[in-house]
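To start, the structure itself, in structure tokens.
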Amino acid sequence: MVGGINGGGAAMDVYLPRSQGDVDDDGKERRTGTVWTATAHIITAVIGSGVLSLAWAMAQLGWVAGPITLLLFAAITYYTCGLLADCYRVGDPATGKRNYTYTHAVKSFLGGWHVWFCGFCQYVNMFGTGIGYTITASISAAAINKSNCFHWRGHGADCSQNTSAYIIGFGVVQAVFCQLPNFHKLWWLSIIAAVMSFSYAAIAVGMSLAQTIVGPLGRTTMTGTVVGVDVDAAQKVWLTFQALGNVAFAYSYAIILIEIQDTLRSPPPENETMRRATAMGISTTTGFYMLCGCLGYSAFGNGAPGNILTGFGFYEPYWLVDLANACIVVHLVGGFQVFCQPLFAAVEGGVARRCPGLMGGGRAGGVSVFRLVWRTAFVAVITLLAILMPFFNSILGILGSIAFWPLTVFFPVEMYIRQRQLPRFRAKWVALQSLSFVCFLVTVAACAASVQGVLDSLKTYATFTTEGEGYLLPCHRCQQPQLGASDRQLGCPGARRVFNGIAKRKKCKVATTTDGGEDRISALLPDALSFLPSADAVRTCVLSRRWRHQ
-12 MVGGINGGGA AMDVYLPRSQ GDVDDDGKER RTGTVWTATA HIITAVIGSG
38 VLSLAWAMAQ LGWVAGPITL LLFAAITYYT CGLLADCYRV GDPATGKRNY
88 TYTHAVKSFL GGWHVWFCGF CQYVNMFGTG IGYTITASIS AAAINKSNCF
138 HWRGHGADCS QNTSAYIIGF GVVQAVFCQL PNFHKLWWLS IIAAVMSFSY
188 AAIAVGMSLA QTIVGPLGRT TMTGTVVGVD VDAAQKVWLT FQALGNVAFA
238 YSYAIILIEI QDTLRSPPPE NETMRRATAM GISTTTGFYM LCGCLGYSAF
288 GNGAPGNILT GFGFYEPYWL VDLANACIVV HLVGGFQVFC QPLFAAVEGG
338 VARRCPGLMG GGRAGGVSVF RLVWRTAFVA VITLLAILMP FFNSILGILG
388 SIAFWPLTVF FPVEMYIRQR QLPRFRAKWV ALQSLSFVCF LVTVAACAAS
438 VQGVLDSLKT YATFTTEGEG YLLPCHRCQQ PQLGASDRQL GCPGARRVFN
488 GIAKRKKCKV ATTTDGGEDR ISALLPDALS FLPSADAVRT CVLSRRWRHQ
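Take the sequence shown: its letter number 320 is residue 307 in my numbering, and every next letter is one higher.
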């Protein structure tokens, strides 16, 4: 292996000559990236749709564990990305052989089954991200119509939307765009994505701050949702782990770190520049995440919606809500292509090597028939899965858990150990392996909780059913429908199912007086509250303990 470790265990570095002029040490065009451009790439990659779920994650974790979790994930990401940056070159950090992609680095240092496992994790993450982006964009598109409906017809109006129709529409758009050659490499695509992501994230922060100043809509606690009031004990455990998956998703960018590092000019050595860029990027995004998560939690309390911009805690100004959701849709239209095009290239490259005639022949109007059929079928499968499982927080939790341990922790740790030839059971080796094992346990727990959330939600979800603005949950002693762990937003009358309010409200048992007679006044309470906006219904619940727990 050139520049790697030979079979006998001795290190033998083979360096490529450094060229002069307008080319780099590998003969390709000279790179011009700096610490500032790398920082911008990191911030653009990290700040995305994951920021929308942080208020909900904070509501599950509370004021103590929530910020600590954000800081821990930030610290782990910063440290392991530093290890990964050191693996950009094989041998000397300034003149060794360069690895152009994450997979190349794994192949250079680890080889064997690690390469297959790395590719599997990357492509599963890309495929899953396509589903997540489809769900998020469709929910945001539906939220624009809902916002206008609530503005013109009142906050208590029935502004039902069929989310499945928006998912199909998004799929049709992507089926067209995925046929355009090099669409994901257009120079203006990253600029638009950066502007859009900052816009909707900033709007979410600003509106959360305004709501906090005007008056919070819910109660916050040190430990988050309260067992027996907001959730039961089992739900508390599942939702806590699912929140960890959502936080992990918000920090997942290690998959493209090597590609960002490959844009940096040298000297100085790329790993030094990348470490500085990582520190600046992670600190900036963590500060931004603290604002989004903490202000969102402060504004909505333990009933924070799963998606802060589509959960309709914010009704006015409606045009600003519309603008934020439009920015999400535009961002994810391009983001879908950025994540899926590498998967297209991998599959089509493999087909071209094995069946050259299949890719080169069978053209209709200058377009490869195989490419047309394969890419369209791929988008159709993603669209179908998004329709079947449109559960925002659960899907984000699964994606975050899949990407976090293997790509952010496991491979950087293993490559660093192999690169530095750390002896087994020495202090640093034990520390790194312990970090990897703990993160593995977190990943398993988060993934299991998110899958459980999907399974619970599927119990009450009906495909192609119109999604209402949200039905009102009956009080605790009523015969209420089963709620998916990811969708239980509030625990008293007025609570809303944000994304899949499909199940119909069931009738409460008739309340009785102390002498056994029928209490008709109390029996009217759930119906009376059903005419109020959710925020007002929640405030009304607080007035009487009997109203909250009848």
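By construction, the Cβ of each residue, glycine as well, lies at the ideal position given by its N, Cα and C atoms.
On the three-state DSSP scale, how would you describe residue i?
| i | result |
| --- | --- |
| R413 | coil |
| S270 | helix |
| E257 | helix |
| G141 | coil |
| Q420 | helix |
| S239 | coil |
| S355 | strand |
| L372 | helix |
| P304 | coil |
| P399 | helix |
| K223 | helix |
| P393 | helix |
| T430 | helix |
| F164 | helix |
| T26 | helix |
| A61 | helix |
| C342 | coil |
| Q408 | coil |
| A291 | coil |
| T208 | coil |
| K493 | A caution first: K493 carries a pLDDT of 39, below 50, which makes its placement in the model too unreliable to give a value. |
| K446 | coil |
| L386 | helix |
| R464 | Note on R464: pLDDT 32, under 50, position unreliable in the model; no value is reported. |
| L176 | helix |
| P203 | coil |
Pop quiz: residue i and residue j are said to be a contact at Cβ under 8 Å. What is the actual Cβ separation, rounded to whole angstroms?
| i | j | result |
| --- | --- | --- |
| G440 | Q229 | 6 Å |
| G283 | S195 | 5 Å |
| F391 | T116 | Not a contact, Cβ separation roughly 13 Å. |
| T26 | G268 | 5 Å |
| V102 | T90 | 7 Å |
| R252 | R18 | 5 Å |
| G158 | T370 | 3 Å |
| T265 | C68 | 5 Å |
| L296 | A191 | 6 Å |
| M45 | A432 | Going by Cβ atoms, the distance from M45 to A432 rounds to 18 Å, so no, they are not a contact pair. |
| I63 | T272 | Incorrect: roughly 14 Å between the Cβ atoms, too far for contact. |
| S147 | V316 | About 20 Å; that fails the 8 Å criterion. |
For residue i, count neighbouring Cβ atoms within 10 angstroms of its own Cβ and tell me buried if that reaches 16, exposed if not.
| i | result |
| --- | --- |
| G336 | exposed |
| E16 | exposed |
| A197 | exposed |
| D219 | exposed |
| L167 | exposed |
| N149 | exposed |
| E401 | buried |
| R85 | buried |
| C426 | buried |
| G78 | buried |
| W43 | buried |
| V51 | exposed |
| M183 | buried |
| L41 | buried |
| M209 | exposed |
| A237 | buried |
| L97 | buried |
| A221 | exposed |
| G215 | exposed |
| P304 | exposed |
Which residues share a DSSP beta bridge with residue i?
| i | result |
| --- | --- |
| R76 | R85 |
| E16 | V10 |
| V182 | According to DSSP, V182 bridges with nothing at all. |
| L296 | Answer is none; L296 lacks a bridge partner. |
| S218 | Ser is not the amino acid found at residue 218; the sequence shown has Val there. Answer is V214. |
| L251 | G20 |
State yes or no: is the C-beta of residue i nearer than 7 Å to some heavy atom of the ligand ATP?
| i | result |
| --- | --- |
| V234 | This structure lacks the ligand ATP; in fact it carries no ligand of any kind. |
Stretch-stretch touch, CB-based, cutoff 8 Å, three pairs: the segment 228 to 242 with the segment 383 to 392 = Contact between the segment 228 to 242 and the segment 383 to 392 is present, because at least three Cβ pairs lie under 8 Å.
key: Meets three-Cβ-pair contact criterion under 8 Å: the segment 129 to 148 and the segment 297 to 316   = Between the segment 129 to 148 and the segment 297 to 316, the count of C-beta pairs closer than 8 Å reaches three or more; the two stretches touch.
ask   = Is it true that the segment 401 to 414 meets the segment 72 to 83, where meeting means three or more beta-carbon pairs spaced less than 8 Å apart?
value = Segment contact: the segment 401 to 414 against the segment 72 to 83, three or more CB-CB distances shorter than 8 Å; contact assigned.
ask   = If you pair each beta-carbon of the segment 393 to 404 with each one of the segment 235 to 245, do three or more pairs fall below 8 Å?
value = Three or more Cβ pairs drawn from the segment 393 to 404 and the segment 235 to 245 lie within less than 8 Å of each other, which places the two stretches in contact.
query = Using 8 Å as the Cβ pair cut-off and three pairs as the minimum, do the segment 253 to 267 and the segment 46 to 62 touch?
reply = The segment 253 to 267, when compared against the segment 46 to 62, does not touch it at the 8 Å Cβ threshold.
task = State whether the segment 196 to 204 contacts the segment 284 to 293, with contact taken as three or more CB pairs (one from each stretch) at a distance under 8 Å.
result = Yes, they touch.
query = Taking contact to mean at least 3 C-beta pairs separated by less than 8 Å, is the segment 413 to 423 in contact with the segment 359 to 367?
reply = Between the segment 413 to 423 and the segment 359 to 367 there are fewer than three inter-stretch CB-CB distances shorter than 8 Å, so the stretches are not counted as touching.
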